[in-house]
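>
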Amino acid sequence: MAETKLAKIPVASLEGAAQEKEAGETNNIEKATGQWTLVWRRLRRHKLAMGGMAVILVIVLLSWLAPWIAPYAYAEQDLKLRHAAWFTPGQASKPMHILGTDGLGRDTLTRILYAGRISLGVALIVTLLTVLIGTMVGAVAGAFGGGLDTVLMRFTDIMLSMPDLPLLLILSSSLRQFTTLQNFLGSNISVIIIIFVLVIFGWMGNARLVRGSVLSLRSQEFVEASRALGASQSRIIFKHLVPNSLAPIIVSATLGFGAVIIAESALSFLGFGIMPPVPTWGNMLNEARGAPQIGYTLFTQTLAPGLCIFLTVLSINFIGDGLRDALDPRLKL
Amino acid sequence: MTDYIIRRLIQSFIILVFISALIYTILNLVPGGPFDTLRQANPRITQSQIDRLNALLDLDKPLFPGKYCPTIGNKGEPCRFDWGRYLRWLGKVARGDFGRSWTVQTGVPVIRIITYRLGYTILLMLTVQVFALLIAIPVGIYSAVHQYSKTDYAVTGLAFFGQSMPTFWTGLLAMSLLAVALNLFPSGGVRSTGMPGDIVETISNIVTFGTTHPEVAGHEGEIILDGLWHMALPCLVLIYFNLAGWIRFTRSAMLEVLHQDYMRTAHAKGLTRRLVILKHGLRNALIPLITLLALTIPLLFGGAIITETIFSWPGMGRQLIDSITGVDWPVVQGILVITSVLVVFSNMLSDILYAVIDPRIKYS
Numbered sequence: 339m340a341e342t343k344l345a346k347i348p349v350a351s352l353e354g355a356a357q358e359k360e361a362g363e364t365n366n367i368e369k370a371t372g373q374w375t376l377v378w379r380r381l382r383r384h385k386l387a388m389g390g391m392a393v394i395l396v397i398v399l400l401s402w403l404a405p406w407i408a409p410y411a412y413a414e415q416d417l418k419l420r421h422a423a424w425f426t427p428g429q430a431s432k433p434m435h436i437l438g439t440d441g442l443g444r445d446t447l448t449r450i451l452y453a454g455r456i457s458l459g460v461a462l463i464v465t466l467l468t469v470l471i472g473t474m475v476g477a478v479a480g481a482f483g484g485g486l487d488t489v490l491m492r493f494t495d496i497m498l499s500m501p502d503l504p505l506l507l508i509l510s511s512s513l514r515q516f517t518t519l520q521n522f523l524g525s526n527i528s529v530i531i532i533i534f535v536l537v538i539f540g541w542m543g544n545a546r547l548v549r550g551s552v553l554s555l556r557s558q559e560f561v562e563a564s565r566a567l568g569a570s571q572s573r574i575i576f577k578h579l580v581p582n583s584l585a586p587i588i589v590s591a592t593l594g595f596g597a598v599i600i601a602e603s604a605l606s607f608l609g610f611g612i613m614p615p616v617p618t619w620g621n622m623l624n625e626a627r628g629a630p631q632i633g634y635t636l637f638t639q640t641l642a643p644g645l646c647i648f649l650t651v652l653s654i655n656f657i658g659d660g661l662r663d664a665l666d667p668r669l670k671l
Numbered sequence: 002m003t004d005y006i007i008r009r010l011i012q013s014f015i016i017l018v019f020i021s022a023l024i025y026t027i028l029n030l031v032p033g034g035p036f037d038t039l040r041q042a043n044p045r046i047t048q049s050q051i052d053r054l055n056a057l058l059d060l061d062k063p064l065f066p067g068k069y070c071p072t073i074g075n076k077g078e079p080c081r082f083d084w085g086r087y088l089r090w091l092g093k094v095a096r097g098d099f100g101r102s103w104t105v106q107t108g109v110p111v112i113r114i115i116t117y118r119l120g121y122t123i124l125l126m127l128t129v130q131v132f133a134l135l136i137a138i139p140v141g142i143y144s145a146v147h148q149y150s151k152t153d154y155a156v157t158g159l160a161f162f163g164q165s166m167p168t169f170w171t172g173l174l175a176m177s178l179l180a181v182a183l184n185l186f187p188s189g190g191v192r193s194t195g196m197p198g199d200i201v202e203t204i205s206n207i208v209t210f211g212t213t214h215p216e217v218a219g220h221e222g223e224i225i226l227d228g229l230w231h232m233a234l235p236c237l238v239l240i241y242f243n244l245a246g247w248i249r250f251t252r253s254a255m256l257e258v259l260h261q262d263y264m265r266t267a268h269a270k271g272l273t274r275r276l277v278i279l280k281h282g283l284r285n286a287l288i289p290l291i292t293l294l295a296l297t298i299p300l301l302f303g304g305a306i307i308t309e310t311i312f313s314w315p316g317m318g319r320q321l322i323d324s325i326t327g328v329d330w331p332v333v334q335g336i337l338v339i340t341s342v343l344v345v346f347s348n349m350l351s352d353i354l355y356a357v358i359d360p361r362i363k364y365s
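Chains as they are written, first to last, in the numbering used here: chain U, 339 to 671; chain B, 2 to 365.
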């Protein structure tokens, strides 16, 4: 009973605080439950989100442990065993190729595990950076308003109207040709370039979201109160406006993570992203196009890497959906 | 309203100038040029010859207005002011001249390449969007009306699946299963060998009452059927992908409407459930749908880069990939500028439509 009452509280509004006080008086234990405990409690009831979380955990763990559990090195070739079927014993008492090998005799399972490391890592870095940049731009534009807001938002509009996929292709294929960059970044060049271009074309949605949220918060009483108490503009932005915009940021970052995985895979699939021998699920699918269409290559080389992308993105989308419900103070669950 | 439209037009125009400048700058800062392949094919070509060829294409001039010092030919000539390549190019584009292809189809006007490819992309994307909407709208409505039923769960689940399956994966799977293993469909291209013409040429000939090629005459039906057969797989892949988004959108738009007070009023005055949903519900749910529809216009012209590549469908997306790998910047610039114009104006159209359809919205 008390729990449903608490769940209705609009987070961080003055009336909400008053209600919380009332609820607290009736039940002292419930008063201690913070916002995040509540969110977690609601999320736990979202079966699909919990399922998604379990799957993501397994995928993250397997990818993270790749160097220790993978039977081979990701670039190790065995030209005598090309396009081998599943459960082919390795040459010269080496471990079994559980998912067979690709066109250069590299162990598919090993490559899938390492690819997860790359794909998830790239997606994580890109998501963090886009959220950071988007939040900064949006918060500054929303909080200061005026000319700065106009300039920042027009720039965001321009970036949003740019044809992003073609420009991603052009940038990632052309940045690679700069010799200074090649010397500076070494063999990881394609990974760093892909992160860079995905961040450049990824922050705008977040900026708009945060700006909208900041604009609606800016005129609320608690912000006025802290301004009256003499808080500086940066304190208001980082202590009040940004933390209160956190809910939509978290949801969009979660869904954005899935979108980045798809974007990176798409670029790598088209041959404009991360270059072999470094494996990603996308460039493995690209290599699968050249595989002979024997029954098992369909499963080991086309189905398996794609299934990894699909499961990851699906789980992320479920988690994002669950978070959206859990973080919405208007919804009772 | 007129004021609003005029202001939006001016804004769009400024945004487009910025976008085109950005695209032009990015492309022209890329190392490598149209004569790289020439240099590779003929190692005896000298740098001064390459320079002279570049000068022919105006590539020795500065990008933006500034000082230009001739380095080829009349070396003695003094430095002079030059308007820059960007402004010259923009001026030509404004007059509808996108220049000529450098490498992929050397010398062919960009506009001719684009109009040729446009037919294939529009045919594919229009079919996809029409089918996706024809399926998604009824399914979305049914799912919303029967919220939390088994069908609703199945539909939303399927929509989640569709959105999480990238087209390059479903495309490859469809190709391996339906084209290669079961041999039901061709694995790519637009026509079978031996067909005297292809579907797009034939349809555009019929529509424009053009003169029919003697080999084609009498075989039109056959050619169109063959084209549709080739179109089936890319269509299937794209419909499945687009379906997911449209279903979720229709469902949530409908759900939003179903809980409105006027729906209860309509029920209360004794209308049948069917009439309430279709007449009062659907008409209001369609408002956001129509504005979203305006936003898909650029997709109809821009094509689907990935799916077109997988199934070797000769549309705009495929052309774009080929031009990027071939460093064919005039073609890339042409395609990108046209898609940006469409994106900006469809955004504007969508906002205006919103105000026109929904009397509650007022722009000032």
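Even for Gly, the Cβ is constructed at its ideal location relative to N, Cα and C.
By the DSSP assignment, the beta strand (DSSP E) with Lys-68 (chain B) in it spans what residues?
Here residue 68 (chain B) corresponds to residue number 67 of the second sequence, with the count starting at 1. 67 to 69 is the extent of the beta strand (DSSP E) around Lys-68 (chain B).
> Going along the segment 96 to 107 of chain B in order, which residues come within less than 7 Å of chain U, judged by CB to CB distance?
Taking 7 Å as the Cβ-Cβ cut-off against chain U, none of the residues of the segment 96 to 107 of chain B qualify.
> When every heavy atom of the ligand HEM is checked, does at least one fall within less than 7 Å of the C-beta of Asp-329 (chain B)?
Only the bare structure without any ligand can be found here, which leaves the ligand HEM out of the picture.
> Grab me the residues of Thr-473 (chain U)'s own chain with a C-beta within less than 6 Å of its C-beta, minus the 5 sequence neighbours each way, in chain order.
Here residue 473 (chain U) refers to the residue found at position 135 when the first sequence is read from its first residue. Within the same chain, Thr-473 (chain U) has close Cβ partners Val-548.
> Return the CA-CA distance between Val-345 (chain B) and Ile-298 (chain B), expressed in angstroms with no decimal places.
Walking along the second sequence from the start, residue 345 (chain B) turns up at place 344. Walking along the second sequence from the start, residue 298 (chain B) turns up at place 297. Roughly 11 Å between the two C-alpha positions.
> What does the alpha-carbon distance come out to for the pair Gly-198 (chain B) and His-231 (chain B)?
Translated into the one-based positions of the second sequence, residue 198 (chain B) becomes position 197. Translated into the one-based positions of the second sequence, residue 231 (chain B) becomes position 230. One C-alpha to the other measures close to 13 Å.
> Give me whichever residues DSSP pairs with Pro-110 (chain B) in a beta bridge.
By one-based count along the second sequence, residue 110 (chain B) stands at place 109. According to DSSP, which records beta bridges pairwise, Pro-110 (chain B) is partnered with B:Arg-101.
> Taking the alpha-carbon positions, what's the Leu-293 (chain B) to Leu-88 (chain B) distance?
Here residue 293 (chain B) is taken as the residue at index 292 of the second sequence, counted from 1. Here residue 88 (chain B) is taken as the residue at index 87 of the second sequence, counted from 1. Looking at the two C-alpha atoms, the distance is approximately 34 Å.
> Would you give the residue range spanned by the beta strand (DSSP E) that Phe-19 (chain B) belongs to?
Counting from 1 along the second sequence, the entry for residue 19 (chain B) is found at position 18. Premise fails: Phe-19 (chain B) lies in the alpha helix (DSSP H), 3 to 30, not in any beta strand (DSSP E).
> Measuring CB to CB, does Met-255 (chain B) end up less than 8 Å from Gly-141 (chain B)?
Taking the second sequence and counting its residues from 1, one reaches residue 255 (chain B) at position 254. Taking the second sequence and counting its residues from 1, one reaches residue 141 (chain B) at position 140. In contact: Met-255 (chain B) and Gly-141 (chain B) (Cβ atoms closer than 8 Å).
> Helix or strand or just coil, what does DSSP make of Arg-81 (chain B)?
Along the second sequence, read from residue 1 onward, the residue named residue 81 (chain B) stands at position 80. Strand.
> Report back the beta-carbon spacing between Pro-63 (chain B) and Gly-85 (chain B) to the nearest angstrom; my notes put them in contact at under 8 Å.
Against the second sequence, residue 63 (chain B) aligns to sequence position 62. Against the second sequence, residue 85 (chain B) aligns to sequence position 84. Indeed, because the Cβ distance is near 5 Å, the residues count as touching under 8 Å.
> Determine, using beta carbons only, whether Trp-170 (chain B) and Leu-623 (chain U) come nearer to each other than 8 Å.
Translated into the one-based positions of the second sequence, residue 170 (chain B) becomes position 169. Translated into the one-based positions of the first sequence, residue 623 (chain U) becomes position 285. Yes.
> Could you give the C-beta distance for Ala-408 (chain U) and Leu-451 (chain U), rounded to a whole number, given that I count them as a contact under 8 Å?
Position 70 of the first sequence, counting from 1, holds the residue named residue 408 (chain U). Position 113 of the first sequence, counting from 1, holds the residue named residue 451 (chain U). Going by Cβ atoms, the distance from Ala-408 (chain U) to Leu-451 (chain U) rounds to 5 Å, so yes, they are a contact pair.
> Which whole-angstrom value is the C-beta distance of Phe-539 (chain U) and Asp-502 (chain U), which I expect to be below 8 Å?
Numbered from its first residue, the first sequence carries residue 539 (chain U) at position 201. Numbered from its first residue, the first sequence carries residue 502 (chain U) at position 164. Yes, Phe-539 (chain U) and Asp-502 (chain U) are in contact; Cβ-Cβ is about 5 Å, under 8 Å.
> Who are the near neighbours of Arg-514 (chain U) in its chain, counting only those whose CB is closer than 7 Å to its CB and skipping five residues on each side?
Walking along the first sequence from the start, residue 514 (chain U) turns up at place 176. Cβ neighbours of Arg-514 (chain U) beyond the five flanking positions: Ile-527, Ser-528, Ile-531.
> Looking at Leu-649 (chain U): is its Cβ nearer than 8 Å to the Cβ of Ile-397 (chain U)?
As a position in the first sequence, residue 649 (chain U) is number 311, starting the count at 1. As a position in the first sequence, residue 397 (chain U) is number 59, starting the count at 1. Yes; because the gap between Cβ atoms is below 8 Å, this pair is in contact.
> Rounded to a whole number of angstroms, what is the C-alpha to C-alpha distance between Ser-512 (chain U) and Pro-32 (chain B)?
To locate residue 512 (chain U), count along the first sequence from 1; it is residue 174. To locate residue 32 (chain B), count along the second sequence from 1; it is residue 31. Each residue's alpha carbon lies about 7 Å from the other.
> Ignore the nearest five residues each way along the sequence and tell me which others in Gly-476 (chain U)'s own chain have a CB closer than 6 Å to its CB.
For the purposes of this step, residue 476 (chain U) is identified with residue 138 of the first sequence, where counting begins at 1. Ala-545, Val-548, Arg-549, listed in sequence order.
> What are the residues in the segment 505 to 525 of chain U lying within 9 Å of chain B by C-beta distance?
Residues Leu-505, Leu-507, Ile-508, Leu-509, Ser-511, Ser-512, Leu-513, Gln-515, Phe-516, Thr-517.
> Give a yes or no on whether 8 Å exceeds the smallest Cβ distance from Trp-170 (chain B) to chain U.
The residue you call residue 170 (chain B) lines up with position 169 of the second sequence. Closer than 8 Å to some Cβ of chain U, the Cβ of Trp-170 (chain B) qualifies, so yes.
> Relative to chain A, which residues along the segment 581 to 594 of chain U have a C-beta separation below 8 Å, given in chain order?
Protein chains U and B are contained in the structure displayed, whereas chain A is not.
> Pairs of beta-carbons, one from the segment 122 to 129 of chain B and one from the segment 303 to 313 of chain B, closer than 8 Å: are there three or more?
As far as the Cβ criterion goes, the segment 122 to 129 of chain B touches the segment 303 to 313 of chain B, which means the pair count is three or higher.
> Whole-angstrom Cβ separation of Val-552 (chain U) and Leu-584 (chain U), contact assumed at under 8 Å?
Within the first sequence, numbered from 1, the residue matching residue 552 (chain U) stands at position 214. Within the first sequence, numbered from 1, the residue matching residue 584 (chain U) stands at position 246. Wrong, their Cβ atoms sit about 12 Å apart, outside the cutoff.
> With a threshold of 16 other CB atoms inside 10 Å of the CB of Tyr-154 (chain B), please say whether the residue is buried or exposed.
Counted from its first residue, the second sequence places residue 154 (chain B) at position 153. When all chains shown are included, Tyr-154 (chain B) counts as exposed.
> Does chain B have any CB closer than 8 Å to the CB of Val-377 (chain U)?
Against the first sequence, residue 377 (chain U) aligns to sequence position 39. Val-377 (chain U) does not count as touching chain B.
> Output, in chain order, the set of chain B residues within a Cβ distance shorter than 9 Å of Gly-644 (chain U).
Here residue 644 (chain U) refers to the residue found at position 306 when the first sequence is read from its first residue. Within 9 Å Cβ-Cβ: Met-166, Pro-167, Phe-169, Trp-170, Thr-171, Leu-173, Leu-174.
> Indicate whether Ala-137 (chain B) and Trp-247 (chain B) have their beta-carbon atoms separated by less than 8 Å.
As a first step, residue 137 (chain B) must be located in the second sequence, where it is residue number 136. As a first step, residue 247 (chain B) must be located in the second sequence, where it is residue number 246. It is a contact, given that the beta carbons lie within the stated cut-off.
> Check each residue of the segment 633 to 661 of chain U: if its Cβ is closer than 9 Å to any Cβ of chain B, include it; give the result in chain order.
Of all residues in the segment 633 to 661 of chain U, Gly-633, Thr-635, Leu-636, Thr-640, Leu-641, Pro-643, Gly-644, Leu-645, Ile-647, Phe-648, Leu-649, Thr-650, Val-651, Leu-652, Ser-653, Ile-654, Asn-655, Phe-656, Asp-659 have a Cβ within less than 9 Å of some Cβ in chain B.
> Using DSSP's beta-bridge definition, name the partner residues of His-435 (chain U).
Here residue 435 (chain U) is taken as the residue at index 97 of the first sequence, counted from 1. Looking at the DSSP assignment, His-435 (chain U) forms a beta bridge with U:Thr-426.
> Taking the alpha helix (DSSP H) that Trp-541 (chain U) falls in, what are its first and last residues?
On the first sequence, position 203 is the one that residue 541 (chain U) refers to. First-last for Trp-541 (chain U): undefined, no H or E at that position.
> Under a CB-based cut-off of 8 Å, is Met-613 (chain U) close to chain B?
Reading the first sequence from its first residue, position 275 is the one you call residue 613 (chain U). No, because no Cβ of chain B sits closer than 8 Å to the Cβ of Met-613 (chain U).
> Does any residue of chain B have a CB that is nearer than 8 Å to the CB of Glu-341 (chain U)?
By 1-based counting over the first sequence, the position of residue 341 (chain U) is 3. Low local confidence applies: a pLDDT of 39 at Glu-341 (chain U) is under 50, so the model's placement there is unreliable, with the coordinate-based value given in what follows. Chain B contact via Cβ: absent.
> According to DSSP, is Asp-666 (chain U) helix, strand or coil?
By 1-based counting over the first sequence, the position of residue 666 (chain U) is 328. Of the three classes helix, strand and coil, the one that applies to Asp-666 (chain U) here is coil, per DSSP.
> Could you work out which residue in B:Ala-267, B:Leu-17, B:Arg-113, B:Tyr-241 is closest to Val-131 (chain B) when comparing CA atoms only?
As a first step, residue 131 (chain B) must be located in the second sequence, where it is residue number 130. When only C-alpha atoms are compared, the closest one is B:Tyr-241.
> I want to verify the contact list: residues of chain U whose CB lies under 7 Å from the CB of Phe-242 (chain B), in sequence order.
Mapped onto the second sequence, residue 242 (chain B) falls at position 241. Correct list: empty, because the minimum Cβ distance to chain U is about 11 Å.
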